[in-house]
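Novice: Residues in the sequence shown are numbered consecutively from 1, following full-length UniProt numbering.
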Amino acid sequence: MTTPVYLDYAATTPVDPRVAELMGRHLTLDGIFANPASRSHMPGWQAEQAVENARRQVADLIHADPREIVWTSGATEADNLALIGYLRANRHRGRHLITSVAEHKAVVDTAMALEAEGFEVTWLPPGRDGRVAPEQLREAMRENTVLVSLMAVNNELGVIHDLAALSEVAHAGGAIFHVDAAQAVGRINLDVKRLGIDLMSLSGHKAYGPKGVGALYVKRHPDVRIEALIHGGGHERGMRSGTLPTHQIVGMGEAFALAGAEGEADQARIAMLRDRLLDGLSDFNGIHRNTTIDAAVPNILNLAFEGVDGESLLMALRDVALSTGSACNSASVEPSYVLKAIGLPRELALASLRFSFGRFTTDADIDTALSALRHALKGLRRQAI
Ligand SMILES: *Cc1c(COP(=O)(O)O)cnc(C)c1O
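(1) For my contact list, residue 225 and residue 89 are in at a C-beta cut-off of 8 Å; report their separation, rounded to the angstrom.
(2) The alpha helix (DSSP H) with residue 79 in it runs from where to where?
(3) Can at least three beta-carbon pairs, one atom from the region 199 to 211 and one from the region 166 to 179, be found at a separation below 8 Å?
(4) Check whether the Cβ atoms of residue 253 and residue 55 sit closer than 9 Å, and answer yes or no.
(5) Which of the three DSSP states is assigned to residue 321 in this structure?
(6) Quick one: what does DSSP say residue 6 is sitting in, helix, strand or coil?
(7) Could you check which residue in 161, 86, 122, 106 has the C-alpha nearest to that of residue 222?
(8) Do residue 246 and residue 50 have their beta-carbon atoms positioned less than 9 Å apart in this structure?
(9) Looking at residue 205 and ligand 1, is the gap between the Cβ and the nearest heavy atom below 8 Å?
(10) Which class does residue 217 belong to by DSSP, given the choice of helix, strand or coil?
(11) Quick check: the region 153 to 161 against the region 36 to 47, are at least 3 beta-carbon pairs closer than 8 Å?
(12) Please report the distance separating the alpha-carbon of residue 242 from that of residue 185.
(13) Can you grab the Cα-Cα spacing for the pair residue 212 / residue 154, in whole Å?
(14) Helix, strand or coil: how does DSSP classify residue 103 here?
(15) Where DSSP assigns a beta bridge to residue 149, which residues make up the other side?
(16) Which one of 112, 81, 220 has the shortest CA to CA distance from residue 229?
(17) Does the count of Cβ pairs from the region 336 to 354 and the region 298 to 308 closer than 8 Å reach three?
(18) Go through its chain and collect everything with a Cβ distance to residue 122's Cβ below 6 Å, but skip five positions before and after it.
(19) Name the DSSP bridge partner or partners of residue 199?
(20) Tell me the DSSP bridge mates of residue 352?
(21) What's the gap between the Cα of residue 142 and the Cα of residue 92?
(22) Can we count residue 182 as close to ligand 1, meaning its CB is less than 8 Å from some heavy atom?
(23) Roughly how many angstroms lie between the CA atoms of residue 16 and residue 261, to the nearest whole one?
(24) Might you give, ordered along the chain, the residues of its own chain that have their beta carbon closer than 8 Å to the beta carbon of residue 129, omitting 5 neighbours on each side?
(25) Specify, as a first and last residue, the run of the beta strand (DSSP E) that residue 72 falls within.
(26) Check for me: the alpha helix (DSSP H) holding residue 22 runs from which residue to which?
(27) Return yes when the C-beta of residue 8 is under 8 Å from any heavy atom of ligand 1, and no when it is not.
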């Protein structure tokens, strides 16, 4: 069995070997393994220093102060902490949250949990490209709106929100602005000051760091107070208790430093890979670009293949690891809610594939995927006729 070509970087990225090497030095007795909260000995101080160095690496990438970074277990926890933590802490100011139906489940399900708790949520429908327009947000703002939550880069489509314009509308309406930036690190500029972001969720494993670690950027400002969800030793200035996982944290820090140093060059190279894939399919009819390319990061490309069944296509593409937008459950195959939200007909949504590329994708990988895809399409379309 050959190892499949990996084109699912939006689901997770492999850890960069430079990151893995550093992480390995933060686990064993001969390395930096102590509890970073141990204040009474040298090994503890060294671990604390490693954590603080990583905190600065993450802060530097987004132009924040290190004191504005709260470590979490990932972007899911950061999204929960941002939404639940902020709304609960600001109940007295208002109970209204605005988000989009095309957000990641970590935001969608959290907002639904808040609705069940008695908060009000406005669910904005995105446009055909998957983005919420600033004008739409302006119309949805209410007197009691306290928080607007919109993602930087959509994980299924790759489209980029106009964060500067959206934050301006949120602030003009007296709300603060949360951004899920899990897919954006190393892909777009994330200067929180310039973009007017108050809370921002980050993940290690979408940017060549390890799984199981993330962070929430919490702007240092009296208006941006959040309530903790996890109580304990009062770590992270009381916002998130629990012993800090030193190896995970140094991994995320190093990955973010590499994103700053190499992200732009990665993306330029990846744009050529994406174009190579599109060129290689240009002689086929009936391939729809669900991704609005001009508005998207080059590393995510969502395509719909008219006249074929998505599951059969995926089966025929066993040598390529990628994902359909659809969530399978035993009873039925449901099309992706994001593709539904952009108005894609059910059959096309079910026949869509997300290609996502990364730092280690090569021309040869694209060519392998292309030949498998061309072969599968020819076969499946012949059957369909
Ligand atoms: C992957 C992802 C998450 C979840 O991140 P974890 O670190 O895996 O919890 C949240 N939001 C978006 C947009 C993502 O792509």
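Ideal Cβ placement from N, Cα and C applies to all residues, glycine included.
Specialist: To lay it out plainly:
(1) About 5 Å separates the two Cβ atoms, so the contact holds.
(2) Per DSSP, residue 79 belongs to the alpha helix (DSSP H) from 75 to 89.
(3) A contact exists between the region 199 to 211 and the region 166 to 179.
(4) Cβ atoms of residue 253 and residue 55: closer than 9 Å.
(5) In the structure shown, residue 321 sits in a strand (DSSP, three-state: E or B).
(6) Correct three-state label for residue 6: strand.
(7) Minimum Cα distance to residue 222 is reached at 86.
(8) Inclusion of residue 50 and residue 246 in the CB contact set at 9 Å is warranted, their separation being smaller than that value.
(9) Answer for residue 205: yes, Cβ within range of ligand 1.
(10) Taken through DSSP and simplified to helix, strand or coil, residue 217 comes out as strand.
(11) Between the region 36 to 47 and the region 153 to 161 there are fewer than three inter-stretch CB-CB distances shorter than 8 Å, so the stretches are not counted as touching.
(12) Residue 242 and residue 185 have their C-alpha atoms roughly 25 Å apart.
(13) Cα-Cα distance, rounded: 21 Å.
(14) Residue state, collapsed to three classes: coil.
(15) For residue 149, which the question treats as bridged, DSSP gives the partners 178.
(16) Nearest C-alpha to residue 229: 81.
(17) Yes: at least three Cβ pairs fall under 8 Å.
(18) Excluding residues within five positions, the ones whose Cβ falls inside 6 Å are 98, 140.
(19) Paired residue(s): 178, 218.
(20) Within the DSSP secondary-structure output, residue 352 pairs in a beta bridge with 304.
(21) Going by the C-alpha atoms only, they are around 15 Å apart.
(22) Yes, ligand 1 has a heavy atom inside 8 Å of this Cβ.
(23) Between residue 16 and residue 261, the C-alpha separation is close to 14 Å.
(24) Excluding sequence neighbours, residue 129 sits near 157, 159, 292, 295, 342.
(25) Element bounds for residue 72: 69 to 72.
(26) It spans 17 to 24 - the alpha helix (DSSP H) in which residue 22 sits, taken as one unbroken run.
(27) It does not: the Cβ of residue 8 is nowhere closer than 8 Å to a heavy atom of ligand 1.
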